[in-house]
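Peer 1: Below is one structure. I have some questions about it.
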Amino acid sequence: MHIDQYLVHVIASYAATVVIIGGVVLATVLSARRARAELEEAERLEIRR
Amino acid sequence: MSIWHYANPANFMALTRRVVGPLWVLAGSMMVGGLLWSLSVPPDYQQGSTVTIMFIHVPAALLAINTYFLMAIASAIGLIRGHHVSYLIAKAAAPIGAAFTAVALVTGAVWGEPMWGTWWVWDARLTAVLIMFFFYLGYIALWAAIDDPDKAAELTSVLCLVGVVFSLLSRYAVFFWATLHQGSSLSLAEGQRVADAYRDPLYFMMVAFYVLFAALLLTRARMEIRRRRARALRARAGRAAEALEAASPA
Numbered sequence: 001m002h003i004d005q006y007l008v009h010v011i012a013s014y015a016a017t018v019v020i021i022g023g024v025v026l027a028t029v030l031s032a033r034r035a036r037a038e039l040e041e042a043e044r045l046e047i048r049r
Numbered sequence: 001m002s003i004w005h006y007a008n009p010a011n012f013m014a015l016t017r018r019v020v021g022p023l024w025v026l027a028g029s030m031m032v033g034g035l036l037w038s039l040s041v042p043p044d045y046q047q048g049s050t051v052t053i054m055f056i057h058v059p060a061a062l063l064a065i066n067t068y069f070l071m072a073i074a075s076a077i078g079l080i081r082g083h084h085v086s087y088l089i090a091k092a093a094a095p096i097g098a099a100f101t102a103v104a105l106v107t108g109a110v111w112g113e114p115m116w117g118t119w120w121v122w123d124a125r126l127t128a129v130l131i132m133f134f135f136y137l138g139y140i141a142l143w144a145a146i147d148d149p150d151k152a153a154e155l156t157s158v159l160c161l162v163g164v165v166f167s168l169l170s171r172y173a174v175f176f177w178a179t180l181h182q183g184s185s186l187s188l189a190e191g192q193r194v195a196d197a198y199r200d201p202l203y204f205m206m207v208a209f210y211v212l213f214a215a216l217l218l219t220r221a222r223m224e225i226r227r228r229r230a231r232a233l234r235a236r237a238g239r240a241a242e243a244l245e246a247a248s249p250a
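These protein sequence lines map, in sequence, to chains S and D.
Going by my numbering, the first sequence opens with residue 1, and the numbers climb by one from there.
Going by my numbering, the second sequence opens with residue 1, and the numbers climb by one from there.
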């Protein structure tokens with residue numbers, strides 16, 4: 001990576017991208033797990049009924 | 001087999017189950033590889049190292065606009081044909097599109113400060129993208145605000161279709177008005193406008209962003225289908241319990 005007076009701008013751009021995209025990925029993975037658990041619970045109740 | 005075969009939630013889940021895992025592996029590898037590649041290019045003779053911001057700004061902006069188009073198409077199909085999977089795909093795409101729009105806006109501002117001398121200007125393209133971002137947020141908020149999922153699906157679809165004008169403006173504003181924002185970096189009609197050293201990593205990052213988008217979209221769509229199924233099962237259990245209570249002697 002080339003280092004010049006714009007280094008802060010480049011680091012800020014990449015850091016912001018990692019935070020925003022990483023946040024969406026993390027939220028998606030956690031929500032998907034919760035939805036799977038909710039469905040399994042609902043299906044267990046349905047079978048028991 | 002017709003494409004509408006996959007509008008059935010069970011068929012959609014069966015198809016995507018085999019695809020999601022490999023997509024995540026591919027997306028992660030390509031994103032890491034692409035980021036390392038994009039940071040290793042030589043500096044531009046005018047822009048210096050800020051040229052590397054292009055490798056995230058351009059793919060993010062492209063996906064911000066194209067995700068909205070996809071949502072609009074899915075919403076229109078949902079309204080016309082009444083497929084729940086279409087509505088749920090639009091719903092699943094909204095947070096992803098909002099995130100890519102946020103990336104495009106933030107990286108654009110950070111790139112604009114040293115190159116244009118300002119973080120922000122009320123330029124036609126920038127303003128259209130900002131309004132599109134608000135449409136994304138409004139769409140997500142409207143889904144969250146309405147309890148009845150069928151009514152929420154219809155109202156959010158109408159909102160999404162209204163916002164299409166801003167996604168079109170986001171893409172074509174640079175052709176209609178003399179804006180501070182430059183024209184397209186990549187154009188089939190006008191040939192290559194990016195130096196060879198930057199073209200290949202840019203194309204690679206665009207593909208990486210699309211693969212990541214596909215992995216996120218399929219995961220979120222499967223999640224929405226599961227949530228809908230769980231809600232339906234709980235509602236059925238609730239109705240059965242009420243019927244049992246009403247039938248039992250006091």
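Just so it is clear, CB atoms sit at the ideal spot from N, CA and C, and this is done for glycine as well.
Please name the residue, chosen from HIS57/D, GLY48/D and THR101/D, that lies closest to PRO114/D on a Cα-to-Cα basis.
Peer 2: Working through the second sequence from its first residue, we reach residue 114/D at position 114. The residue with the shortest Cα to Cα distance from PRO114/D is GLY48/D.
Peer 1: Against chain D, does LEU26/S count as a neighbour if the rule is that its beta carbon must be under 8 Å from one of theirs?
Peer 2: Taking the first sequence and counting its residues from 1, the one referred to as residue 26/S is at position 26. With 8 Å as the cut-off, LEU26/S does not count as an interface residue toward chain D.
Peer 1: Flag this pair as yes or no: are the beta carbons of THR17/S and ARG220/D separated by less than 8 Å?
Peer 2: What you label residue 17/S is simply residue 17 of the first sequence in a count that begins at 1. What you label residue 220/D is simply residue 220 of the second sequence in a count that begins at 1. No.
Peer 1: Could you list the residues in the region 104-118 of chain D with a C-beta less than 8 Å from some C-beta on chain S, going in chain order?
Peer 2: Per Cβ criterion, the list reads VAL106, THR107, VAL110, TRP111, GLU113 and PRO114.
Peer 1: Which residues bound the alpha helix (DSSP H) around THR28/S?
Peer 2: In the first sequence, residue 28/S corresponds to position 28, counting from 1. Here the alpha helix (DSSP H) through THR28/S covers 7-48.
Peer 1: Between the alpha carbons of TYR203/D and MET54/D, how many angstroms are there, rounded?
Peer 2: Mapped onto the second sequence, residue 203/D falls at position 203. Mapped onto the second sequence, residue 54/D falls at position 54. Going from the Cα of TYR203/D to the Cα of MET54/D covers about 11 Å.
Peer 1: When you compare the CB positions of TRP25/D and LEU218/D, do they come within less than 8 Å of one another, or not?
Peer 2: Locating residue 25/D in the second sequence gives position 25, where the first residue counts as 1. Locating residue 218/D in the second sequence gives position 218, where the first residue counts as 1. Trp is not the amino acid found at residue 25/D; the sequence shown has Val there. The answer is no: Cβ separation not under 8 Å.
Peer 1: Is it true that the CB of MET71/D sits closer than 8 Å to the CB of ILE225/D?
Peer 2: Taking the first residue of the second sequence as position 1, residue 225/D is located at position 225. Taking the first residue of the second sequence as position 1, residue 71/D is located at position 71. No, these two residues do not count as a Cβ contact at 8 Å.
Peer 1: Counting only Cβ-Cβ distances shorter than 8 Å, please list the residues of the region 9-40 of chain S near chain D, keeping chain order.
Peer 2: Cβ contacts with chain D: HIS9, VAL10, ALA12, SER13, TYR14, ALA16, THR17, ILE20, ILE21, GLY23, VAL24, VAL25, ALA27, THR28, VAL29, SER31, ALA32, ALA35, ARG36, GLU38 and LEU39.
Peer 1: Using a Cβ-Cβ cutoff of less than 7 Å, which residues in the same chain neighbour LEU180/D once the five nearest sequence positions on both sides are dropped?
Peer 2: Residue numbering aside, residue 180/D sits at position 180 when the second sequence is read from its first letter. Contacts found: TRP116, VAL121 and ASP123.
Peer 1: Quick check on ASP150/D: does DSSP put it in helix, strand or coil?
Peer 2: If you number the second sequence from 1, residue 150/D lands on position 150. Helix, per DSSP.
Peer 1: Based on Cα-Cα distance, which residue from LEU79/D, ALA61/D and LEU212/D lies nearest to VAL25/S?
Peer 2: Reading the first sequence from its first residue, position 25 is the one you call residue 25/S. The option with the nearest alpha carbon to VAL25/S is LEU212/D.
Peer 1: Would you mind working out which of VAL85/D, GLY33/D, LEU126/D and ALA98/D sits nearest ALA178/D, comparing C-alpha positions?
Peer 2: For the purposes of this step, residue 178/D is taken as the residue at position 178 of the second sequence. Among VAL85/D, GLY33/D, LEU126/D and ALA98/D, the Cα nearest to that of ALA178/D is on LEU126/D.
Peer 1: Exposed or buried, what is THR50/D when buried is set at 16 or more other beta-carbons lying within 10 Å of its beta-carbon?
Peer 2: Here residue 50/D corresponds to residue number 50 of the second sequence, with the count starting at 1. With 16 or more other Cβ atoms within 10 Å, it is buried.
Peer 1: Name the chain S residues whose beta carbon is nearer than 8 Å to that of GLY48/D?
Peer 2: On the second sequence, position 48 is the one that residue 48/D refers to. Simply HIS2, ASP4, GLN5 and TYR6.
Peer 1: So, ARG171/D versus ILE65/D, is the Cβ gap smaller than 8 Å?
Peer 2: As a first step, residue 171/D is located in the second sequence; it is residue number 171 there, counting from the start. As a first step, residue 65/D is located in the second sequence; it is residue number 65 there, counting from the start. It is a contact, given that the beta carbons lie within the stated cut-off.
Peer 1: Anything in the region 80-96 of chain D with a Cβ closer than 8 Å to a Cβ of chain S? List those residues in chain order, please.
Peer 2: Cβ contacts with chain S: PRO95 and ILE96.
Peer 1: Per DSSP, which residues does ASP44/D bridge with? Please list them.
Peer 2: As a working note, residue 44/D is residue 44 in the second sequence. In DSSP, ASP44/D forms a bridge with GLY48/D.
Peer 1: Thinking C-beta only, is LEU105/D closer than 8 Å to LEU137/D?
Peer 2: Counted from its first residue, the second sequence places residue 137/D at position 137. Counted from its first residue, the second sequence places residue 105/D at position 105. In this structure, LEU105/D does not lie closer than 8 Å to LEU137/D by Cβ.
Peer 1: Please list the residues of the region 201-221 of chain D that have a C-beta atom closer than 8 Å to any C-beta atom in chain S, keeping them in chain order.
Peer 2: Listed by position, the residues of the region 201-221 of chain D near chain S (Cβ gap below 8 Å) are LEU212, LEU216, THR219 and ARG220.
Peer 1: Determine the burial state of LYS91/D: buried for a count of at least 16 other Cβ atoms within 10 Å of its Cβ, exposed for fewer.
Peer 2: Taking the second sequence and counting its residues from 1, the one referred to as residue 91/D is at position 91. Its Cβ being crowded by 16 or more others within 10 Å, LYS91/D is buried.
Peer 1: Just confirm the distance between the C-beta atoms of ALA98/D and ILE140/D, as a whole number of angstroms; I'd bet it's less than 8 Å.
Peer 2: Numbered from 1 along the second sequence, position 98 holds the residue referred to as residue 98/D. Numbered from 1 along the second sequence, position 140 holds the residue referred to as residue 140/D. Contact holds; Cβ gap of about 7 Å.
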